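A.B. asks: Got a structure for you, written out below as structure tokens; questions coming shortly.
Numbering (this note's numbering), first residue to last: 324 to 552.
Below, the structure written as structure tokens:
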């Protein structure tokens with residue numbers, strides 16, 4: 324087994340946790356509705372559906388080795404959105420990168436934390452939105468690699484962050500269990516990643532929020548985690 328250390332901190336993420344459901348914020352657990360989400364079960368090509376939105380995707384994942392010590396992990400994905408019209412996106416082009424170096428035969432150190440960027444484009448190539456996600460060291464210096472970022476889509480701004488807490492389990496997960504999306508500090512929904520990805524949306528959101536939540540959730544569900552690849 325190889326352990327992963329987050330660059331400046333000698334904290335190992337080699338821990339085993341019994342599978343459990345991710346814990347969602349109270350406001351979403353109490354005011355959330357499950358939305359049909361399908362087609363995102365681990366393949367690199369396929370058809371997807373999230374609520375009233377659907378389309379196809381093509382994902383490429385590569386791992387490159389340099390000087391027998393540095394590993395570069397890169398992912399590219401193109402997501403087509405079948406029912407887009409007008410100024411709504413018809414393509415999402417996403418890229419991820421992370422770089423690690425071997426500190427010893429059993430330990431890797433992250434030098435270039437995960438960066439995930441998605442550009443949302445219309446059919447004629449006009450950029451109408453962007454999502455940018457980056458890795459952060461957990462505030463309590465635990466082994467989990469938190470992801471935070473922003474989504475700008477449909478003329479609205481959203482925050483995105485990973486969730487690592489289980490229901491009824493004390494120890495958090497080192498990798499994301501779900502992603503929570505908020506607008507103006509209020510949760511609009513989440514995509515959970517335990518098993519087949521699933522979507523939960525707040526009952527009070529409008530159509531613009533539903534579009535942003537669905538498209539961002541598909542892009543997040545397609546993001547391969549280098550720590551588990």
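Heads up, the beta-carbon is just placed ideally off N, CA and C, and yes, glycines get one too.
These numbers were taken from a predicted model, which means no experiment stands behind them.
Tell me whether residue 405 is buried or exposed, calling it buried when 16 or more other Cβ atoms sit within 10 Å of its Cβ.
C.D. replies: Looking at its Cβ environment, which holds fewer than 16 other Cβ atoms inside 10 Å, residue 405 is exposed.
A.B. asks: Report yes or no: do three or more beta-carbon pairs, one from the segment 410–421 and one from the segment 438–457, lie closer than 8 Å?
C.D. replies: Yes: the two stretches touch, three or more of their Cβ pairs being nearer than 8 Å.
A.B. asks: Can you name the start and end residues of the alpha helix (DSSP H) that residue 525 belongs to?
C.D. replies: Run containing residue 525: none in the alpha helix (DSSP H); it sits in the beta strand (DSSP E), 521–525.
A.B. asks: Mind checking which residues open and close the alpha helix (DSSP H) that includes residue 540?
C.D. replies: Looking at the DSSP string, the run of the alpha helix (DSSP H) that includes residue 540 is 530–544.
A.B. asks: Got a sec, what are the start and stop residues for the alpha helix (DSSP H) residue 353 sits in?
C.D. replies: Element bounds for residue 353: 349–353.
A.B. asks: Whose C-beta lies closer than 6 Å to the C-beta of residue 538 among residues of the same chain, with five residues either side of it excluded?
C.D. replies: Within the same chain, residue 538 has no close Cβ partners at all.
A.B. asks: With 16 as the cutoff for other CB atoms within 10 Å, does residue 474 come out buried or exposed?
C.D. replies: So residue 474 counts as buried.
A.B. asks: So, using beta-carbon positions, are residue 476 and residue 452 closer together than 8 Å?
C.D. replies: Contact flag set, yes.
A.B. asks: Which same chain residues end up closer than 7 Å to residue 503 when comparing Cβ atoms and leaving out the 5 residues on each side of it in sequence?
C.D. replies: Same-chain partners within the cutoff: 348, 484, 486, 510 and 513.
A.B. asks: Quick check on residue 515: does DSSP put it in helix, strand or coil?
C.D. replies: Reduced to three states, the DSSP call for residue 515 is strand.
A.B. asks: Going by alpha carbons, who is nearest to residue 540 out of 365, 362 and 373?
C.D. replies: The candidate whose alpha carbon is nearest that of residue 540 is 373.
A.B. asks: When we look at the beta-carbon of residue 546 and count the other beta-carbons within 10 Å, is it buried (16 or more) or exposed?
C.D. replies: Buried, because 16 or more other Cβ atoms sit within 10 Å of the Cβ of residue 546.
A.B. asks: Out of 518, 422 and 432, which has the shortest C-alpha to C-alpha gap to residue 438?
C.D. replies: The candidate whose alpha carbon is nearest that of residue 438 is 422.
A.B. asks: So for residue 551, helix, strand or coil by DSSP?
C.D. replies: Residue 551 falls in the helix class under three-state DSSP.
A.B. asks: Who does residue 489 pair with in a DSSP beta bridge?
C.D. replies: 345, per the DSSP bridge assignment.
A.B. asks: Is DSSP giving residue 426 helix, strand or coil here?
C.D. replies: Residue 426: strand per DSSP, three-state reduction.
A.B. asks: Just to confirm the assignment, what range does the beta strand (DSSP E) spanning residue 385 have?
C.D. replies: Unbroken beta strand (DSSP E) run through residue 385: 376–389.
A.B. asks: Apply the 10 Å Cβ neighbour rule to residue 519 and answer buried if 16 or more other Cβ atoms are within range, or exposed otherwise.
C.D. replies: That one is exposed.
A.B. asks: Per DSSP, residue 475 forms a beta bridge with which residues?
C.D. replies: Note: residue 475 sits in a beta bridge opposite 453 and 480.
A.B. asks: Can you give me the C-alpha to C-alpha distance between residue 400 and residue 542, rounded to a whole angstrom?
C.D. replies: Distance between the alpha carbons of residue 400 and residue 542: 8 Å.
A.B. asks: With H, G and I counted as helix, E and B as strand and the rest as coil, what does DSSP make of residue 358?
C.D. replies: In the structure shown, residue 358 sits in a strand (DSSP, three-state: E or B).
A.B. asks: Distance, Cα to Cα, residue 551 vs residue 435?
C.D. replies: So the two alpha carbons sit approximately 17 Å from each other.
A.B. asks: Under a three-way DSSP split, which group does residue 419 fall into?
C.D. replies: Correct three-state label for residue 419: strand.
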